[in-house]
Amino acid sequence: YDLCHEFIWFRTNLRKPFYMLNENTGEKQYVESHSAWFDSVNQFHGGDATGELAISIRVDGLFNDDFRAQIPVPETNRASTPSLWARTADQR
15 YDLCHEFIWF RTNLRKPFYM LNENTGEKQY VESHSAWFDS VNQFHGGDAT
65 GELAISIRVD GLFNDDFRAQ IPVPETNRAS TPSLWARTAD QR
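The sequence shown begins at 15 in the working numbering and counts up one residue at a time.
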């Protein structure tokens, strides 16, 4: 899709689980960092309960080109950015 509703998600510690969801298989790919960029129109995502105090912050907005230039993105289909990050994390 050309429509993109982007947000950045931050967490204060790694105990707050957040994931991208494969809508076809139901498989969850968990974010391993303290922050991530998401597109809520084209990327299914969610969080799991921790059973303890865990804080995260979601920042919705229209980010300028200077800011976006700092985010690693695929050459096509910007909405697939979280999938690129997940694949890159698997290769480490």
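In this text, a Cβ means the ideal position worked out from N, Cα and C, and glycines have one as well.
Exposure of residue i, with buried meaning 16 or more beta-carbon neighbours within 10 Å
| i | result |
| --- | --- |
| D53 | buried |
| R25 | buried |
| A50 | buried |
Anticipated Cβ contact below 8 Å, residue i with residue j, distance rounded
| i | j | result |
| --- | --- | --- |
| F32 | D74 | With a Cβ gap of about 15 Å, F32 and D74 do not count as contacting. |
Proximity below 7 Å, CB of residue i to CB of residue j
| i | j | result |
| --- | --- | --- |
| K30 | A83 | no |
| F119 | L35 | Nothing about residue 119 can be reported from this structure: the residues present for the chain run from 15 to 106 only. |
Coarse secondary structure for residue i, derived from DSSP in three states
| i | result |
| --- | --- |
| D74 | strand |
| D62 | coil |
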